[in-house]
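The opening position of the sequence shown corresponds to residue 7 in the numbering used here, with each subsequent residue numbered one higher.
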Amino acid sequence: MFTLHALERIKHRKINRDEVAACIINPDKIERAGEIMRAIRKINGQVLVAYYRHEDENIIIITAYKSSRIHEYLRQ
């Protein structure tokens, strides 16, 4: 489930919903900050970063963006 903010941001950033879903389902790296999760997935020489939270049985996608700083996001 996408928040209105997430839908607006991914449309503005020309990110496909399926890419965001794939990032969350099969990330290269996942981080947690309290209830908020950050999924990171390498795609075509960039990383896709998706922020989301679990609410009951649902995943609520908060926002997503792409970055060229692959090493910054995927370093251990």
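Built from N, CA and C at the ideal position, the CB exists for glycine as well.
C-beta contact flag for residue i and residue j at 8 Å
i   : j   : result
R23 : I16 : yes
Y71 : R19 : yes
L83 : E78 : The requested residue 83 does not occur in the structure, where the chain is confined to residues 7 to 82.
C29 : A12 : no
Backbone secondary structure at residue i - three-state DSSP
i   : result
K84 : The requested residue 84 does not occur in the structure, where the chain is confined to residues 7 to 82.
R15 : helix
R47 : strand
I66 : strand
Distance, residue j Cα to residue i Cα
i   : j   : result
K35 : E61 : 21 Å
I4  : Y58 : Because residue 4 is not part of the residues shown, which for the chain are 7 to 82, the question remains open.
R75 : R44 : 15 Å
Distance between beta carbons of residue j and residue i, contact taken as under 8 Å
i   : j   : result
I46 : L80 : 6 Å
Quick one: any contact between the stretch 44-53 and the stretch 61-68, if contact means 3 or more CB pairs under 8 Å? no
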